[in-house]
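The structure appears right after this line, and notes come after that.
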Amino acid sequence: MQIFGVDIGGSGIKGAPVDLDKGELTEERYKVLTPHPATPDGVADGVKEVVDHFGWTGPVGFTFPGVVTGGATIRTAANVDKSWIDRDAGALFSERLGGLPVTVVNDADAAGVAEMHFGAGQGRKGTVILLTFGTGIGSALFVNGILVPNTELGHLELNGHDAEKKASSKAKEDGELTWEHWAHRVQKYLAHVEMLFSPELFIIGGGVSRKADKFLHFIEDIKAEIVPAQLQNNAGIVGAAMHAAGDD
Numbered sequence: 001m002q003i004f005g006v007d008i009g010g011s012g013i014k015g016a017p018v019d020l021d022k023g024e025l026t027e028e029r030y031k032v033l034t035p036h037p038a039t040p041d042g043v044a045d046g047v048k049e050v051v052d053h054f055g056w057t058g059p060v061g062f063t064f065p066g067v068v069t070g071g072a073t074i075r076t077a078a079n080v081d082k083s084w085i086d087r088d089a090g091a092l093f094s095e096r097l098g099g100l101p102v103t104v105v106n107d108a109d110a111a112g113v114a115e116m117h118f119g120a121g122q123g124r125k126g127t128v129i130l131l132t133f134g135t136g137i138g139s140a141l142f143v144n145g146i147l148v149p150n151t152e153l154g155h156l157e158l159n160g161h162d163a164e165k166k167a168s169s170k171a172k173e174d175g176e177l178t179w180e181h182w183a184h185r186v187q188k189y190l191a192h193v194e195m196l197f198s199p200e201l202f203i204i205g206g207g208v209s210r211k212a213d214k215f216l217h218f219i220e221d222i223k224a225e226i227v228p229a230q231l232q233n234n235a236g237i238v239g240a241a242m243h244a245a246g247d248d
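Sequential numbering of the sequence shown, starting at 1, is according to this note's numbering.
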């Protein structure tokens with residue numbers, strides 16, 4: 001079975017058809033840059049370009065970088081335009097795509113569901129936390145395989161700041177930090193999350209997951225196991241498609 005997944009991030013909008021039996025993209029993903037400002041109409045234009053690229057005419061699952069309630073309504077917009085707040089993203093995307101059926105889910109929750117089904121979290125019980133490091137920090141919290149949605153742990157306060165302002169991939173790039181320096185920031189963040197939730201496993205997702213060999217060995221004194229996401233930066237696309245199919 002194939003369903004189309006679209007992952008909307010602070011820097012890019014990417015999508016592809018997904019084989020839900022294997023948790024794999026069936027074609028190379030197509031990506032456009034997220035517009036700035038990332039208004040609803042601007043993002044919807046990008047979404048349409050991604051979906052139209054494949055000539056897709058079936059159900060589409062979307063991720064969104066913020067709290068999503070009721071499968072469609074946006075409640076927070078930390079890394080996109082504030083005009084998204086209280087907007088029915090499902091209705092907007094469906095209208096822009098000519099009435100195709102759509103679902104919308106938090107981006108990190110989607111990535112986490114995909115990793116728990118097809119990736120690094122398969123078969124893991126207890127408390128598992130996936131963290132996506134990108135424009136911000138997204139989080140997905142699982143207890144015995146069950147998702148606790150919309151946790152938004154990237155906005156935990158750390159040393160007087162939103163954690164993602166100091167430990168996201170964007171913070172690394174903006175500050176021109178070395179991998180080691182950035183890893184020490186991530187370590188402080190993980191220690192804070194571990195103190196609050198005592199997970200057995202941290203899964204590190206987002207674009208940095210494919211570069212895990214550059215920084216994971218610098219992270220010390222964390223009791224939980226730490227592993228990179230196996231689906232890497234495709235996890236959100238896979239999870240979005242799973243959500244659209246009702247497989248999450």
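Just so it is clear, CB atoms sit at the ideal spot from N, CA and C, and this is done for glycine as well. Computed from a predicted model, the values in this text were never measured in an experiment.
Check                                                                                                                                                 : Outcome
For V143, does the three-state DSSP call read helix, strand or coil?                                                                                  : strand
Could you spell out where the beta strand (DSSP E) holding D7 opens and where it closes?                                                              : 2 to 8
By Cβ distance below 6 angstroms, which residues in the same chain neighbour E49 in space, the five residues on each side in sequence not counted?    : V32
Can we say the segment 151 to 167 touches the segment 134 to 141, given the rule of at least three CB pairs closer than 8 angstroms?                  : yes
Hey, how far is the Cα of D19 from the Cα of D45?                                                                                                     : 25 angstroms
Does the Cβ of D109 have 16 or more other Cβ atoms within 10 Å, making it buried, or fewer, making it exposed?                                        : buried
Taking its Cβ as the centre, do 16 or more other Cβ atoms sit within 10 Å of S198, making it buried, or is it exposed?                                : exposed
Which value, in whole angstroms, describes the spacing of the CA atoms of P37 and G12?                                                                : 13 angstroms
Let me know if E115 comes out buried or exposed under the rule of 16 or more other beta-carbons within 10 Å of its beta-carbon.                       : buried
Below 8 angstroms on the Cβ atoms is my contact criterion, and I expect V60 with L97 to pass it. Report the Cβ-Cβ distance as a whole number of Å.    : 7 angstroms
Measure the C-alpha to C-alpha separation of Y189 and E225 and round it to an integer number of angstroms.                                            : 15 angstroms
What would DSSP say about E225, mapped onto helix, strand or coil?                                                                                    : strand
Using 8 angstroms as the threshold, is the C-beta distance between A229 and G119 below it?                                                            : yes
Compute the Euclidean distance between the alpha carbons of G90 and G145, then round it to the nearest angstrom.                                      : 26 angstroms
Can you tell me whether T178 is buried or exposed, with buried defined as 16 or more other CB within 10 angstroms of its CB?                          : exposed
Provide the residue(s) that pair with P17 in DSSP beta bridges, ordered along the chain.                                                              : F4
Select from F64, V148, L131 the residue whose C-alpha is nearest the C-alpha of E164.                                                                 : L131
If we count the other Cβ atoms within 10 Å of its Cβ and call it buried at 16 or more, is G66 buried or exposed?                                      : buried
Taking 6 angstroms as the limit between beta carbons, can you name the residues of its chain near N106, skipping five residues before and five after? : V68, N150
Of all the options T103, H117, R87, which has the alpha carbon lying nearest to the alpha carbon of I74?                                              : R87
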